[in-house]
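Shown next, in C-alpha cells, is the structure this report addresses.
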Amino acid sequence: MIRLRPALRLGRRMAFAKTGRAALVVALIGLPTMGFAGVSVLFASTQATTAEQLRYDLGHAQAQMTTQQPDARGMRQDPVHWTNIQTEEDSPAANADDDTPYADVTEYVPKGAISIPVTTTDVVLRGAHGPIGTTATLGETWDPVLDGRWHVLDGTAPTARDQAMMTPAMLAKTGLHIGDTLDVTDPVTKRFTITGTMRDLGQDPDESAVYLPWRSIAADAAPISTGRSDAGAVTVYLPTVAPTWSEIKRLNDHGIVVQSRPVVLDPPDERVDGFSGPQSLGWYVAGLGLVGVFALFEVGLLAGAAFLVGTRADARSYAILTSVGAERGVVRSVVAGSGLVLGTAGAVLGTGLGIGIGALAFHLLDDGNVNAFPGLHVPGVMLLCIAVAGVLAGVLSSLTAARAATRVNVLAGLRGSLRPETPSRAATRRRRAWGPLLIVVGAVMTLACGIGVLVLNDRPEQSGQRDHWAWVVGAGVAIGPCLVQLGVAICSPWVLALVARVSSRFGLAARMAGRDARRNPVRTVPVLASVMSVVFVASVVITWNASQHAQYVRDYEYKSAVGVATADIQRLDSRSFPQGYDAAVTARAAEVSARVFDHDRIRVLGTVDEQPTEEPSTLTQLHLWERPTGCGDEFCGSWLEPGGSQHVLTGTVDDYAVLSGHRPSAEVRDALADGRAVSLWPEYVHDGAVRLDTFHHRSWEDATSPDPEHPDATTTIPAVLDEQDPPIQIGVFMTKATAERYRVPAVDGILVTRLDGEVSPEQFGELASAWQSYGGSARAQASAPTFFYESGPVDASAPVRALALALAAAVTIGATAVAIGLARADGRRDDEVLDAIGAAPRLRRRTTAWQAAILTTVGAVVGTVLGLLPIRALTLRFDAGPAGTSHMPFVADWPVLALLAIGLPVVVTFGTWLTAGRSRRLALRRAH
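Under the numbering used here, residue 952 is the last one in the sequence shown; the count climbs by one each step, no gaps.
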C-alpha cells in the first residue's frame, strides 16, 4: 500500500501531462456514459412511483371501488395491482354463467361514507359543423378531492345538473365557449351550460371529452343503477373512508374490487399468483446491459489504443522509473492509475451531463400526460452502476498499456528512441496458431448451432416451456461470429501487411499510409477491430431485418387488391359475440360510411356466414376439394379452411373489378352474366363447378366441427377459375341473382370502397361519431364500421436500417478520428522529416486520407461479410420442413450492405480528406 500511493500519485500527474491525450480518453469514456445516464433518467421518469400512481388513481381520495366480476364468491384481487384478480377453482365465481347478475357497487359503499360515483356513456352533441359522437363522463369529476386524476383548467365547477364541463379540444371542436349552451341530442335531448374546462391528466391534452353531472342523463341513457353502464362500469370514489383488507375480501365475494390507499402503501402478504408486474423494466435493464457491454468493448479498444500510444510516447519516463529500481508492479500501477484517474473524470463528467440532458429531454417531451411521464426521477443506483462502469472502462483500457510499460527497453527509452517494438517470435507463432484456429472454430460453431436451431424448430411437438437446448444453440450462433472476429483481429497485422503491399501501387501517400498501418499495430488493430465489430452488428441487423421482411412478404395474405378498404358488418350481442348479418344494419352502415368516405361510393356486397351461432341453425360452408400444400392431417391454419369469413361474396361485375383490382376478363364477365360463379382459388372448383355444403342444427356448443364429407345437403353451381396474383382472401364470387337462383343464403354484410391510403385516426373518430349520430336503431345491433385498408406487405423497417447505418457511421467516424489523431501524435517525427526534406502539405493530407481509407475499408468489408454468417446459420434449410411451418429465408439487402461496406468508408475517407490539416509544421532538429 505504501508503494501503491506514490504510484497512483505519479499516474495522476502523468494522466494530464498531455492534455490532448487526456481529453481524448475522457471523451471516449464520457460520451457513452453521458448517453446511458441520459437514457436512464428519461426511462426512470416514465415509471410512476407508488405515490404518483395513487395520485393519479385516487387524487386525494382514500379509495375507489368498482364491479369487475359477477356477484359470486371465489374471486380474489391483488392488494396493490387491484384490477388483477384470480378465481378459485370450482367456486361460484368460476362457475358463473352469462345470466349471473352483477352487484350494484353503489349499494356496497360503507355506511356513512361520502361517495363520488363516476361512469361513462356514449352521447351525441350538436356541433358547429354537425353532430359529434363522443363518450361522456358522468359524475362530479371536478370535485377538489379528485384533483390529480382530473384537473379543472378554467372556469368554475358545475353546481347544477344542467351544467357541464369540457376539455379545451372539445370546446374548439364544437365551436363553443365558456358560458355557451351545449345541446345533447342522444340518447336524450338536453341542454347544458358550459361552466369551464377540465381534462383527464392521464390522457393527451388534445383529447376530446365532455363531463356531465351524475344522473344528468342516466334515466334514459344507461342502467347506472345496476352498477354497470353501456360504456363502462361505475366507479365509486371514497374521499374519507379507506376499506381494510378484510373488508376488501368481503367485497371481492360480490365481484367488487377496491383500491385502498393504506392497503397499497402497506400491502398484506396475499399477492395474486402469476403476476410479475410490469416487464418493461426487465427489458430495459437487459437492453441497457447488452448495449453497455458493447459500448464498454468499443471504448476499451479505442481508449486502449490511446493508452498504448501514450505509453510509447512516455517510454523515456517509464525507462527512468525502471532504471531507479521501480518494480514491474509499480510501473503497472502508474499506468493503471492514469486509467483510473481518466476513467473517473470521464465517468463523473458523463454522468453529470447525462443527468442534465435527461432532465432537459423530460421537460421537452412531457406534454402533461402523467401516465407517460409521471415525474422527473433520478435513478441513483442505476447512475452509480453506469459511473462505475465508466471508471472500470478506464482501468481496463489501461491494462494492456500497463503491461507494455513493464517491457520498455530501458536503454532505448533513455536514449529517446520511439521505434515501434518488434514482436517476439513466440508471440508471432502464437498469433499464427490462434488466429486461424479461432476463425475455423467460430465458423464451425456457428453453422453447427444453426443446424441445431433447424433441428429444434422441426420437432413435431413444440413445448411452450423453456428449452435449455434452445439457449445452448442460440448462444453458439451468437458466440461463433465473435470468435471469428477475434481470430480476424489476431490476424489483422498480416491483413494490414497485405493491404500495405497492395496500396503501395497507388502512390507515395498510399505507400506511407500502408507502411504506418503495418508497423504500428498497437493503434491500428484496435481501431480496425472497433470498426469491424460495429459494422458486424449493423450487418446482422440489416440482414435479419431483410430476411424477416422477405418471410413476411412470402406469407402475407391479401384480403383484397391493394388500395381497397373493406368492412365486415356483423350483428353483436350484449357480450360482443357475432350473431350473423342483417341487410338493414348493413345498409345503415353504408349510409353512415358514405358521410365520411365521400370520394368513392360505398359498395354493399352479400356474404355467406359460415360461423355457427349460439342457437342451433342451418350452416352453409364452401366445400374445399383439395387441402392446401403445407397442411397437416388434422390442422391447417390456411384461410382456405371452411368456417372463415368472406369465402362466398355476391355483387356486381364492377364490385368484382374493385375487389380484384383489375378489369375482369371476358370469360369472367360472361360467366357472371350467364349465372355462373367465379372461383378465385383452384382448391374450390372441381369439374367446372363449386359446391356449398349445408349442415342442419349446428351451434357453438357442438363438440365436433361439420364433416365436409357428410353434409346434410349440397348445392352445386357451375363456375370458372380466375386465379389472382397475388391471391386474395375471397373464395367464390357470384351475382346476387345467381345466389337467389341457387338459394345461397347470402346476406348483405360487407362494405367495399377505394381509398387513397390507410384510414387515419381522425377518420376512425369521424366514423364512430357518425355512427353514434346517424346509426339509429342499428347502433344497438352492431358497432361502428371498421374499415381494413389493404396496403400490401409494407416494409416498415427503413428506420431500423437507418438506425443501424447511423450507429455504424457514428462509431466508424469516431474510431477513424481517434486513429488519425493517434497517428498524427505518434508520427510527429515522420512529419518533421517530411517538413525537413520539403514535402508539400498535401502529401500529409493524402497520407491521412489513405490511413482512414485502409482502416475503415478493411474493417467495414470484413464486418459486413461476417454479419451474414449468423443469419445464414439461423436460416439453414435442407428440405421443405414439417407441414404448417413457416421458415425464414436468407435474404441479404445487398444495396444497403454495399452502402455499409463500401459507401461508409468512402464517406469517411472523403470527410477525413476535407478536414485534414493543411498547415506546414516547422521542422525540429534533434541530436541523439
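Every residue gets a Cβ at the ideal spot worked out from N, C-alpha and C, and that includes glycine.
Since this is a predicted model, take the numbers as computed values, not measurements.
Requested in this report: Verify whether the separation of the beta carbon atoms of D622 and G604 is less than 8 Å.
Outcome: no
Report task. Could I get the ranges of all uninterrupted alpha helix (DSSP H) runs contained in the region 376–430, with 4 residues as the minimum, in chain order? Result -> 404–429
Query - H573, enclosing beta strand (DSSP E) - first and last residue - result: Segment 545–579 is the alpha helix (DSSP H) holding H573; no beta strand (DSSP E) there.
Requested in this report: Would you mind reading off the limits of the beta strand (DSSP E) that contains A794?
Outcome: Note, A794: premise wrong, no beta strand (DSSP E); alpha helix (DSSP H) at 785–798.
Query raised in the report: Are the CB atoms of W795 and V508 nearer to each other than 8 Å?
Result: no
**Report entry** Whole-angstrom distance between V258 and G251, CA atom to CA atom
**Finding:** Confidence at G251 is low in this model, with a pLDDT of 41, below 50, so the placement of that residue is unreliable and no value is reported for it.
Query raised in the report: Are the Cβ atoms of L890 and P505 separated by less than 8 Å?
Result: yes
Query - Straight-line gap, W937 to F40 (C-alpha atoms, nearest Å) - result: 30 Å
Query raised in the report: Which residues share a DSSP beta bridge with T145?
Result: A160
Report task. Note down, in chain order, each residue of its chain lying with its Cβ closer than 7 Å to the Cβ of G98, except the 5 sequence neighbours on either side. Result -> T111, E112, S115, P116, A117, A118
Query - the region 59–71 contacting the region 262–280, beta-carbon criterion three pairs below 8 Å - result: no
Query raised in the report: What does H153 pair with, by DSSP beta-bridge criteria?
Result: H153 pairs with nothing; no bridge assigned.
Report task. Would you identify the three-state DSSP class for Y605, choosing helix, strand or coil? Result -> coil
Query raised in the report: How many Å lie between R33 and W918 at the Cα?
Result: 54 Å
Query raised in the report: So, helix, strand or coil for I280, using DSSP?
Result: strand
Query raised in the report: How would you label W568, buried or exposed, when you count the other beta carbons within 10 angstroms and need 16 or more for buried?
Result: buried
Requested in this report: Check the DSSP bridge columns for A87 and list the partner residues they point to.
Outcome: L262, S284
Requested in this report: Go ahead and label P237 buried or exposed: buried means 16 or more other beta carbons lie within 10 angstroms of its beta carbon, across all protein chains shown.
Outcome: buried
Report task. Would you mind working out which of D772, L924, A537, P894 sits nearest F914, comparing C-alpha positions? Result -> P894
Query raised in the report: Can you name, in chain order, every residue of its own chain whose Cβ lies under 7 Å from the Cβ of R285, other than the five neighbours on each side?
Result: L78, L82, Q86, A87, A266
Requested in this report: Reducing DSSP to helix, strand and coil, say where S641 ends up.
Outcome: strand
**Report entry** Coarse secondary structure for T810, derived from DSSP in three states
**Finding:** coil
Report task. Determine the DSSP secondary structure at G220, reduced to helix, strand or coil. Result -> strand
Query raised in the report: With V713 and I741 assumed to form a contact (beta carbons below 8 Å), what rounded beta-carbon distance in angstroms separates them?
Result: Contrary to the premise, residue 713 reads as Ala rather than Val in this sequence. Right, their Cβ atoms sit about 6 Å apart.
Query raised in the report: Is the beta carbon of L704 sitting closer than 8 Å to the one on G755?
Result: yes
Query raised in the report: In terms of residues, what are the limits of the beta strand (DSSP E) holding Y235?
Result: 234–236
Report task. Kindly indicate the opening and closing residues of the beta strand (DSSP E) around T739. Result -> 737–745
Query raised in the report: Which same chain residues, not among the five before or five after P640, have their C-beta less than 6 Å away from its C-beta?
Result: H721, S723
Query raised in the report: Do you know whose CA, among G316, N544, G935, I626, lies nearest A833's CA?
Result: G935
Query raised in the report: So the alpha helix (DSSP H) D81 belongs to, where does it begin and stop?
Result: 74–82
Query raised in the report: Between the C-alpha atoms of A513 and L325, what's the straight-line distance to the nearest angstrom?
Result: 11 Å
Query - Proximity below 8 Å, CB of F788 to CB of A589 - result: no
Query - Per-residue DSSP class, three states only, for G685 - result: coil
Report task. Along the beta strand (DSSP E) that carries G226, what are the first and last residues, could you check? Result -> Element bounds for G226: n/a, residue is neither H nor E.
Query - Cβ-based neighbour list, V296, same chain, cut-off 8 Å, excluding 5 preceding and 5 following - result: R100, Q101, D102, H105, N108, I109, Q110
Query raised in the report: Where does the unbroken alpha helix (DSSP H) through V776 begin, and where does it stop?
Result: Taken as a continuous stretch (DSSP letters only), V776 belongs to no alpha helix (DSSP H), being part of the beta strand (DSSP E) at 771–778.
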